[in-house]
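K.L.:
2 protein chains.
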Amino acid sequence: MNRSAQETSIRDTGRAFFESIRGEAPSVFNKGFWTGKVMDWAMKNEDFKVQLFRFVDVLPYLNTTDNLTRHIEEYFSGEDAEIPSVLKWGAGKSTGIIGNLAGKVMGKAIRSNIEGMARQFIVGQNTKEALKGMKKLRKDGFAFTVDLLGEATVSEEESEAYMNGYLELLDAVAGEQASWAALGGNGDLDWGYAPKVNVSVKPSALYSQSKPVDVEGSVQGILARLKPIYRKVREMNGFLCIDMEALKYKEMTLELFKRLREDPEFVDYPHLSIVLQAYLKDTDKDLDELIAWVREKNLPIGIRLVKGAYWDEETVIALQSGWPVPVWTNKAESDMSYERNSKKILENSDLIYFQCGSHNVRTISYVFETAKALDVPEDRYEFQVLYGMAEPVRKGLQNVAKRVRLYCPYGELIPGMAYLVRRLLENTANESFLRQSFAEGEEVDRLMENPEETLKRELAAKCAPEETDSKGLDAPFRNDELIDFTIPGNRHAFPEAIATVRAAKGKTYPLCIGGKDVETEKFIQSSNPADPDEVLGRICQAGQGEIDQAIAAAESALPAWRDTEPRERAEVILRAAAIMRRRQFELSAWQVLEVGKQWDQAFHDVGEAIDFMEYYARDMVRLGKPRRMGRAPGEHNQLFYQAKGIAAVISPWNFPLAISTGMVSANIVVGNPVIYKPSNLAPIIGYGLVEIFREAGLPDGVFNYCPGSSRDMGDYLVEHPKVAVISFTGSEAVGLRIQEKAAKVQPGQTHCKRVVAEMGGKNAIIVDDDADLDLAVLHILYSAFGFQGQKCSACSRVIVVEDIYDRFIERLTKAAECIKIGPSEDPANYMGPVVDASAQQKILEYIDLAAKEGTILVKRSVPEKGCYVPLTIVTDIEPQHRIAQEEIFGPVLAVMRAKDFDQAIDWANATRFALTGGVFSRSPKHLDQARREFRVGNLYLNRNNTGALVERQPFGGFKMSGVGSKTGGPDYLIQLMDPRCVTENTMRRGFTPIEEGEMWV
Amino acid sequence: MNRSAQETSIRDTGRAFFESIRGEAPSVFNKGFWTGKVMDWAMKNEDFKVQLFRFVDVLPYLNTTDNLTRHIEEYFSGEDAEIPSVLKWGAGKSTGIIGNLAGKVMGKAIRSNIEGMARQFIVGQNTKEALKGMKKLRKDGFAFTVDLLGEATVSEEESEAYMNGYLELLDAVAGEQASWAALGGNGDLDWGYAPKVNVSVKPSALYSQSKPVDVEGSVQGILARLKPIYRKVREMNGFLCIDMEALKYKEMTLELFKRLREDPEFVDYPHLSIVLQAYLKDTDKDLDELIAWVREKNLPIGIRLVKGAYWDEETVIALQSGWPVPVWTNKAESDMSYERNSKKILENSDLIYFQCGSHNVRTISYVFETAKALDVPEDRYEFQVLYGMAEPVRKGLQNVAKRVRLYCPYGELIPGMAYLVRRLLENTANESFLRQSFAEGEEVDRLMENPEETLKRELAAKCAPEETDSKGLDAPFRNDELIDFTIPGNRHAFPEAIATVRAAKGKTYPLCIGGKDVETEKFIQSSNPADPDEVLGRICQAGQGEIDQAIAAAESALPAWRDTEPRERAEVILRAAAIMRRRQFELSAWQVLEVGKQWDQAFHDVGEAIDFMEYYARDMVRLGKPRRMGRAPGEHNQLFYQAKGIAAVISPWNFPLAISTGMVSANIVVGNPVIYKPSNLAPIIGYGLVEIFREAGLPDGVFNYCPGSSRDMGDYLVEHPKVAVISFTGSEAVGLRIQEKAAKVQPGQTHCKRVVAEMGGKNAIIVDDDADLDLAVLHILYSAFGFQGQKCSACSRVIVVEDIYDRFIERLTKAAECIKIGPSEDPANYMGPVVDASAQQKILEYIDLAAKEGTILVKRSVPEKGCYVPLTIVTDIEPQHRIAQEEIFGPVLAVMRAKDFDQAIDWANATRFALTGGVFSRSPKHLDQARREFRVGNLYLNRNNTGALVERQPFGGFKMSGVGSKTGGPDYLIQLMDPRCVTENTMRRGFTPIEEGEMWV
């Protein structure tokens, strides 16, 4: 059949389809009911839609009437304090004034309406209800596949419970299914060939420690719980479909599907399918590989093809991470992909059973016509739609194809609400087929248009995108990409780079002064904290003599470098950034070995170093342009900045490249030559800068590498009269000492020193009573125990509002018990060793103190060799405790129980630090309150509080946490420069050239 | 005659006029010659015109071939290092490569061409040449009025020499005039009635100390030298015309004209005229008053009406000063004014002889026809044109009116060049009648158009101007107007305000803590430095107890004030600014009495205080808006600022209101409550802030007024653990002490203190070998001796390039000898007392030291009573001298002789200060070099180096001159705040609202 004939049949089929359901509409759009009215309003009013969806999300947590009415007010009261009448519809004549009885009545009505809406998409809240619902469906002629809601498991206990939920359901069904008549025929199988029991499973929930960097570990973890389910499914002659979730789980899902399918135990059982998502650009390739595998193994499988339900999330994450968007960005492209891939599946119907999951009549017609054209037997494909959605479509399908299966989620309302949000999104998106067909009454011809045509039309209507792929100084700043471990190359690069680095260990690192290598008699060794016997290198140590040499070198480099055009200085820094990017894996590998940083965090440390250079270089170009001040004619005022002079950069070991590079490159790009004192715990990583700046062509003397002990030369450097800037990041004690010493003018000193010091933190995260715990538990774990808590930004206090305390603590504790601890070289480990024995000792002492001041909730056992300390969670901590006040800089989390949100904020602010903070809350009012009153340098709402990105989250605190303005922000560079203003009188003998933009008559 | 008939006659006359000169063109436009070619090029090429006019201005100073060729290269070499061929025209085939022989030849040719051009407008360079020229003119049938070039006199000696120049000329003419035949008739008078000798005098040059604030003194000073000239004119039966110059001299010129006219010695001699300028909006009123005066006194006079030659300058000065533009801004309006006022003069021809000065044929025709219509006798008006200009016009006038007088400047080329620039401007301005008539060949009908029609046409073509007169926070910042002493009300307001203030003296001033008056047992007295016996008030003194109270008040005010909306805080500050503006004269008067500040400087100090408030209020609104950082979807980052906490403001006495208000209002507007310690030398002025902030409605405790002795409570305040910000302006020693003390963290302190300190200066002005000395001498005097040199910005070193040293020193010395010294109450005095006896003592010691280290050039005697010190200029100072290194803070100027500009820059930079600096140079290369290499906070090119204006010249230095960023600039407020960043994860359950401006697909 040629294309145009096929298009004609598709259109005819579609038209007939619509004809057969004329006048029907999905219940969700039925304006005679509350849901339909509200959906209608949401589609017309974007702000309301946002508030509604968010409210739906939080609703299950609103356990008290007060809480409920407060949230309704916060979400829906506009400036006139009026709840939109659409929402109150059906709630009687209550005025919506919260707090009175009528308001409470209304609140209850709204809750019940929304819960009703949610129930519409859920076949039941428990096994009993679900069974009843499934039976009813079968009575109506529909098959089902059942799915247990609750994909967010934060601990192995939760994963175990999830598995048990399935087993329980299957047990219940096992007792029932014999009593069910087969659909569309006789015998024990639906339609003559299909198992009556059909189960869908989201695999990631079966193993709480699943992560893309550890595919093998994840696959094993999931299979361990999937097999019992599959075993039971087989026992009852059922069918199992492995759902596809977010992209990060795709690789492990495909892998575990194949392993399960060819597992000797199950290899003879064919009723296993997997889901592919047409919206992923990868799907063509994935399907090809799957078909090849099926052919090679000659194993029949099922494939459910869907469009995909995480489009927004995938897009947002990719854009946030600097990755290529993995999904098709035009809806028509996804539709094309669906048609393309469904055809491929149908062409392989001998081995692949096709489960066509779509609500799109065009898509359905295409599949139907293609199957016909390819002579695919009817028992080789079926249609699936979602329970509670698109009722006219399922009815039409039943008319046309008979073999219709409904995807039936069941379970409690808390996970159910997340599912509801996805469904509402699907119904209300502008590009939704359902919205267009049933809510907006789009013409059938348009609805049945070949997506290739749609795409052409839409592309023609769009403007060409701007060309912004330039990488130079004039291109806008972009953050370095986060590492994407779904790309196998990225996973393989690490062990290779670590091996390379290990092969280079044991070298001696000289100082670099005035561009020359300087070897000293004194050395230190740098070693691997996971195995202190592994010595990585010997590092020369600067004393006062070397500092004098370095100052002299910097001083002679200063005049030329200071007066080099800002743009030219910026170009050198950009070259250095490019070199760093080229060496990103190697530089990351050094961090894994020298400071025990996990792969991703090591990579992001280098990424942040690159970001600092890319950002400061551009910001220098911005600041390097003199600013015209005032518009008066006859005078020309220019404001510009000049380098302050020689900078001492004193750097910590915890972000060994990022913080060093930030402080160093900022000084260099403004024109300040640098004496760089890396931490003696990360000197090899610091040495990378020597190589990089050399290769980038930085003039000699502008960057001088001078590791050494603080005792021998720290004060000497700080007090040196020629030093103009001291950029320091480290402990409060050292920072304050530097500030005090630098403030004293030394003989021969002709300027006041500028100290920019980033110091400690005692950072709190508040968990509000309506916090999304799925999110909060995981983000708090990462904030507190990522890189062993050795970040100034790390969370070391969690302040939990009483009402949610028990629920939160239970989940947190269980999640913390599951974390893997071991060498950071192994990506399966979540936590590694602390940086050295002295840090280990100090933290262990704090753990003893914690046991005295509070109650130890979690104290994990750790490897004996290496600088490990137990992951520790201590509760019953009060604001005055030392554990609540002192920076520990290790994996010790203090839990505090606050009576309400106000008290939580008070406690959060009640330390002498003000660095980072976090709040998990879904109360708009509390989030606003936190914005105003939670006084820290970087506050994070509903996410972890580490990992600030350059430009997006300029970083740094105040009080005792810092002196100076935020790194990676627009005010950073000007601290390192002196402003100058040149005023010219341009009038001579009454003659004044008038320039554009000047005041004139 | 009705209007339209008159218009017809005017047009006919004009057409006939043009007819009679058909084919003629002014020599300046004759493209057959160098000048015409260059003018043609300048009119087509604005950049070239600017460079050419500026080069003309500097040319007389280029005494050596090297200097000449260097300047030609700097002014005219573009990027291709090629001199425009038009300039080389007539200089043979030299390539213009400077430095070689051909280049030198070309340089000489260019000089000679430009000097030729200048000579074209000058009747002679000396008396002999002038006489010859005048004789020649008379032979051609033209009368003359002769004017001696050289209006810029900086000293009485120069003014005396100027007067003598006139007397010498008159002597020479006296011997000749008998031999001259009368024009147009017999007898001894031209045209039968006009004296043959006619002299024009620019009055301001006759008295170097003329200034608008001192009309009486100026009139007397000028008359003292004008009378001898007039006496001689009368002796030889001549005619004297008093020229009108810039607007600032107008009032004194009208006044002295009247005094001279009615002086009993001259009252019977009628040959005196004055010039009025039609471009001034005031001229209608001035003429009416003059006519009334003439009628009242019944004294015949002459009036020369001109359009006016300082249009650009008047406009620029008004716009720079914030004044209404005093001139008509449409050329047609000036033309209308000319016609209107000439008619008025002609209507009074019985008493007023009309000298019609115009090159505009429309204007001339109008005057001609109007005189006819009014039957004005021919012997009651004449026409005047400028020598060397508009030759066709003068020829046409001779044809039509016979009575034509040429205005003939004579004198040396140095002042001649300034005159040349004005003439070139007049010829080349877009709106120039000459340019339109003779260079651009505009249609005669258009040229003869009634200016009323022209105006209508032009206004119709213009867009309506934007409405920007709003005064609120949303209106752009505008500097407070400078005081305009040409407005008599402003002059009278001062003595009145001083009397009012004096009547209020002797009060007791309490502290203000938490909004309450607090009286203490300890007091100090504040007295008038010009008369230390005059006690102005008793001021309570805070001790440590009061500081504790004030800190407590500030602490309790902090939370609410910090969290008040930025806009609301800004509104309070704007209200305070409005109150201060209302009380501007009174607050200025206090400064005159309490610190001995001159009227204008006192007024501008208050103006600067107002500016700080207006600027910081608006800047807070700008900074108060959280900035969205990054464009990634799904996360929302906001960067904003928060008040640091309690600020201690420690203020100096020298800008007692401006600096106090700047530091105080900046802290208040960002949300920091203030403990304000005014200087004990200016506490009453400081108390003004209490009243103003009270009236403005600032909440109690936000501003606490705590004068006191540094010894009793200075350190205590600085070291107080609750103080977060210390804003200090004062001496280096105190500033460094504060820095050191503030850097030490005190028990209980939970933040690092921010010190913003403006400290000393040792500011140099460089006088390059091509400096315009007319400008340099006056501006250096002001920079060094304004307010007795008691400004951190004051010039205390002048570094003079060898080649100009003698000329400069001679003029500087003589100028310094003329300065009037005495109480600042009397506006005639340029310099007053220093602030107190201790300052006096210290400065006197430095003067003794100056005498040891160098050679005293000037040491003026001063009043015995009061804290006066001699104005002192010391020469032979070298960089290592203490007089060249230490801040004296008094009227002591060190002169240093540098071998070249490079050395001058080196010396200028060779102190530990870097506050202000100045350069007088007309070398584009040297100005650029200074921009780069003269490293100070505020550099001023070709103007004085004090009086930085808020926003236009953000003020402050580095090295030992300051810590922190510039006041009145865009980086100032952020120093007083802590930046915060709030990051919200806006994705919930995969649902992310996408906002405008975010990255999206």
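In the order they appear, the protein sequences are chains A and D.
Residue numbering for the first sequence follows the UniProt record's numbering, starting at 1 and increasing by one per position.
Residue numbering for the second sequence follows the UniProt record's numbering, starting at 1 and increasing by one per position.
Ideal Cβ placement from N, Cα and C applies to all residues, glycine included.
Everything numeric in this text was worked out from a predicted model, so none of it was measured.
Could you give the DSSP three-state label for D/Ala81: helix, strand or coil?
P.N.:
As a first step, residue 81 of chain D must be located in the second sequence, where it is residue number 81. Only weak support is given to the placement of D/Ala81: the predicted model assigns it a pLDDT of 49, under 50, and the value that follows is read from those uncertain coordinates. Three-state result, D/Ala81: coil.
K.L.:
Verify the CB distance criterion: does A/Tyr782 have a CB-CB separation below 7 Å to chain D?
P.N.:
Residue mapping note: residue 782 of chain A aligns to position 782 of the first sequence, counting from 1. By this cut-off, A/Tyr782 is not an interface position.
K.L.:
In angstroms, rounded to a whole number, what distance separates the CA positions of A/His779 and A/Lys762?
P.N.:
Residue mapping note: residue 779 of chain A aligns to position 779 of the first sequence, counting from 1. Residue mapping note: residue 762 of chain A aligns to position 762 of the first sequence, counting from 1. Spanning the two alpha carbons is a distance of roughly 17 Å.
K.L.:
Going by DSSP in three states, A/Asn704 sits in which element: helix, strand or coil?
P.N.:
For the purposes of this step, residue 704 of chain A is taken as residue 704 along the first sequence, with counting starting at 1. Of the three classes helix, strand and coil, the one that applies to A/Asn704 here is strand, per DSSP.
K.L.:
Just curious, the beta strand (DSSP E) that A/Gly624 is in, first and last residue?
P.N.:
In the first sequence, counting from the first residue as 1, residue 624 of chain A sits at position 624. First-last for A/Gly624: Trp599 to Gly624, but that is the alpha helix (DSSP H), not the beta strand (DSSP E).
K.L.:
Going by beta carbon distance, what residues of the same chain come within less than 8 Å of D/Met39, once the five residues before and after it are set aside?
P.N.:
The residue given as residue 39 of chain D occupies position 39 in the second sequence. If we look at D/Met39 and ignore the five residues flanking it on each side, its Cβ neighbours are Val28, Phe29, Leu424, Asn427, Thr428 and Ala439.
K.L.:
Give the single residue among D/Phe913, D/Gly854, D/Cys818 and D/Glu695 whose Cα lies nearest to the Cα of D/Thr153.
P.N.:
Here the question's residue 153 of chain D lines up with position 153 in the second sequence. Nearest of D/Phe913, D/Gly854, D/Cys818 and D/Glu695 to D/Thr153, Cα basis: D/Cys818.
K.L.:
Anyone know if the C-beta pair for D/Arg365 and D/Ile21 falls short of 7 Å?
P.N.:
Walking along the second sequence from the start, residue 365 of chain D turns up at place 365. Walking along the second sequence from the start, residue 21 of chain D turns up at place 21. A small correction: the amino acid at residue 365 of chain D is Ser; Arg does not occupy that position in the sequence shown. Not a contact, by the Cβ cut-off of 7 Å.
K.L.:
Which word fits D/His492, buried or exposed, when buried means at least 16 other C-beta atoms lie within 10 angstroms of its C-beta?
P.N.:
Numbered from its first residue, the second sequence carries residue 492 of chain D at position 492. Exposed, by the Cβ-count rule.
K.L.:
Below 7 Å CB to CB, which residues in the same chain sit around D/Phe48 once its five sequence neighbours on both sides are set aside?
P.N.:
What you label residue 48 of chain D is simply residue 48 of the second sequence in a count that begins at 1. Only Trp41, Ala42 and Pro84 meet the Cβ criterion.
K.L.:
Identify the continuous beta strand (DSSP E) that holds A/Glu382 and give its terminal residues.
P.N.:
Within the first sequence, numbered from 1, the residue matching residue 382 of chain A stands at position 382. A/Glu382 -> beta strand (DSSP E) spans Tyr381 to Leu386.
K.L.:
CB A/Asp312 to CB D/Thr992, shorter than 7 Å?
P.N.:
The residue labelled residue 312 of chain A in the question sits at position 312 within the first sequence. The residue labelled residue 992 of chain D in the question sits at position 992 within the second sequence. Cβ distance < 7 Å, so A/Asp312 and D/Thr992 count as in contact.
K.L.:
If A/Met417 and A/Arg362 are in contact, beta carbons under 8 Å, what's the gap, nearest whole angstrom?
P.N.:
Residue 417 of chain A sits at position 417 when you count from the first residue of the first sequence. Residue 362 of chain A sits at position 362 when you count from the first residue of the first sequence. About 31 Å separates the two Cβ atoms, so there is no contact after all.
K.L.:
Less than 7 Å between the beta carbons of D/Ile675 and D/Lys722, yes or no?
P.N.:
For this step, residue 675 of chain D is matched to residue 675 along the second sequence. For this step, residue 722 of chain D is matched to residue 722 along the second sequence. Their beta carbons are not under 7 Å apart, which means D/Ile675 does not touch D/Lys722 by this criterion.
K.L.:
What does the Cβ neighbour count give for D/Ala894, buried or exposed, with the cut at 16 atoms within 10 Å?
P.N.:
By one-based count along the second sequence, residue 894 of chain D stands at place 894. By the 10 Å Cβ count, D/Ala894 comes out buried.
K.L.:
Which two residues bound the contiguous alpha helix (DSSP H) that contains D/Arg811?
P.N.:
Locating residue 811 of chain D in the second sequence gives position 811, where the first residue counts as 1. Glu802 to Cys818 is the span of the alpha helix (DSSP H), which, as asked, contains D/Arg811.
K.L.:
Find the nearest neighbour of D/Ile888 within the set D/Ser731, D/Gln739 and D/Gly937, judged by alpha-carbon distance.
P.N.:
Taking the first residue of the second sequence as 1, we reach residue 888 of chain D at position 888. The shortest C-alpha separation from D/Ile888 is found at D/Ser731.
K.L.:
Can you list the residues of chain A that D/Met999 reaches, using a CB-CB cut of under 7 Å?
P.N.:
Taking the second sequence and counting its residues from 1, one reaches residue 999 of chain D at position 999. Those are Leu319, listed as they occur along chain A.
K.L.:
For A/Ser94, collect the residues of the same chain with a Cβ closer than 7 Å to its Cβ; drop the 5 residues on either side in sequence, then sort them by chain order.
P.N.:
The count along the first sequence starts at 1 and reaches residue 94 of chain A at position 94. A caution first: A/Ser94 carries a pLDDT of 49, below 50, which makes its placement in the model unreliable, though a value can still be read off. Hits under 7 Å: Lys88, Ala102, Gly103, Val105 and Met106.
K.L.:
In the DSSP assignment, the beta strand (DSSP E) including D/Thr992 goes from what residue to what residue?
P.N.:
Along the second sequence, one-based indexing puts residue 992 of chain D at 992. It is not in any beta strand (DSSP E) - D/Thr992 carries neither H nor E in the DSSP assignment.
K.L.:
Here's the rule: buried if 16 or more other CB atoms are within 10 angstroms of the residue's CB, otherwise exposed. What is D/Ala81?
P.N.:
Looking up residue 81 of chain D in the second sequence gives position 81. Its pLDDT being 49, under 50, D/Ala81 is placed unreliably by the model, and nothing is read from it.
K.L.:
In the DSSP assignment, find the unbroken beta strand (DSSP E) run with A/Gly489 in it and report its ends.
P.N.:
Here residue 489 of chain A refers to the residue found at position 489 when the first sequence is read from its first residue. Segment Pro488 to Ala503 is the alpha helix (DSSP H) holding A/Gly489; no beta strand (DSSP E) there.
K.L.:
Give a yes or no on whether 7 Å exceeds the smallest Cβ distance from A/His751 to chain D.
P.N.:
As a first step, residue 751 of chain A is located in the first sequence; it is residue number 751 there, counting from the start. True, the Cβ-Cβ gap to chain D drops below 7 Å.
K.L.:
Which residues in the same chain as A/Glu339 place their Cβ atom closer than 6 Å to its Cβ, once the five residues preceding and following it in sequence are excluded?
P.N.:
Taking the first sequence and counting its residues from 1, one reaches residue 339 of chain A at position 339. So the list reads Tyr366, once near-sequence residues are dropped.
K.L.:
Run down chain D in chain order and give the residues with a C-beta less than 7 Å from the C-beta of A/Asp978.
P.N.:
For the purposes of this step, residue 978 of chain A is taken as residue 978 along the first sequence, with counting starting at 1. The answer, in chain order, is Phe958.
K.L.:
Give every residue of the same chain whose Cβ lies closer than 6 Å to the Cβ of A/Ala828, excluding the five residues on either side of it in the sequence, and list them in chain order.
P.N.:
Along the first sequence, one-based indexing puts residue 828 of chain A at 828. Contacts found: Asp214, Gly217 and Lys820.
K.L.:
Between A/Gly96 and chain D, is any beta-carbon pair separated by less than 7 Å?
P.N.:
Residue numbering aside, residue 96 of chain A sits at position 96 when the first sequence is read from its first letter. Interpretation of A/Gly96 is limited by its pLDDT of 48, a score under 50 that renders its predicted location unreliable; the figure taken from the coordinates is listed afterwards. False, the Cβ-Cβ gap to chain D never drops below 7 Å.
K.L.:
Establish whether the CB of A/Cys981 and some CB of chain D are separated by less than 7 Å.
P.N.:
Translated into positions along the first sequence, residue 981 of chain A becomes position 981. Yes, A/Cys981 counts as interfacial toward chain D.
K.L.:
Let me know if D/Leu941 comes out buried or exposed under the rule of 16 or more other beta-carbons within 10 Å of its beta-carbon.
P.N.:
Residue numbering aside, residue 941 of chain D sits at position 941 when the second sequence is read from its first letter. Buried is the call here.
K.L.:
Quick check on this structure: which residue in D/Phe266, D/Val267, D/Glu255 and D/Arg627 has the alpha carbon closest to the alpha carbon of D/Val275?
P.N.:
In the second sequence, residue 275 of chain D corresponds to position 275, counting from 1. It is D/Glu255.
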